[in-house]
Amino acid sequence: MLNIDLRKIYNFYPLEPAPATGNLPTGGDIYYECLDCTAIVSSVPRIKSACVCGNLQGADGALNIARPERVRVVRGKLK
Ligand SMILES: [Zn+2]
């Protein structure tokens, strides 16, 4: 698994208004911040990705979210 600190590459801005928990958007510039371990994972991970606590796990463009109420949706912009 590749564990890059995306905050070194991107600035992240929370989506306003925050999307509903049951209807989280996805996209190339959309990322999810895990509120339990603070990791940031792409909403459409091309490589195998996961946060430290296991809330967010994905690969091949699909992400599984164990606790969607513990996710903040953010937009990533390259620094
Ligand atoms: Zn986590």
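Per the numbering used here, the sequence shown starts with residue 14, numbered consecutively. Ideal Cβ positions, reconstructed from N, Cα and C, are used throughout, including at glycine. Please read these numbers as outputs of a predicted model, since none were measured by experiment.
Element boundaries [beta strand (DSSP E), containing residue i]
i: residue 50; result: Per DSSP, residue 50 belongs to no beta strand (DSSP E) and is neither H nor E.
i: residue 37; result: No beta strand (DSSP E) contains residue 37, which DSSP labels as neither H nor E.
i: residue 69; result: 69 to 72
i: residue 60; result: It is not in any beta strand (DSSP E) - residue 60 carries neither H nor E in the DSSP assignment.
i: residue 76; result: 75 to 78
Cβ neighbour criterion (16 or more within 10 Å) applied to residue i
i: residue 58; result: buried
i: residue 91; result: exposed
i: residue 65; result: exposed
i: residue 78; result: buried
According to DSSP, residues forming a beta bridge with residue i
i: residue 27; result: 87
i: residue 43; result: 88
beta-carbon residue i near ligand 1 non-hydrogen atom, thresh 6 Å
i: residue 68; result: yes
i: residue 79; result: no
Inset, instruction - Examine the Cβ distances between the segment 54 to 71 and the segment 25 to 36 and report whether three or more of them are shorter than 8 Å. - result: Touching, no, given that fewer than three Cβ pairs across the two stretches are closer than 8 Å.
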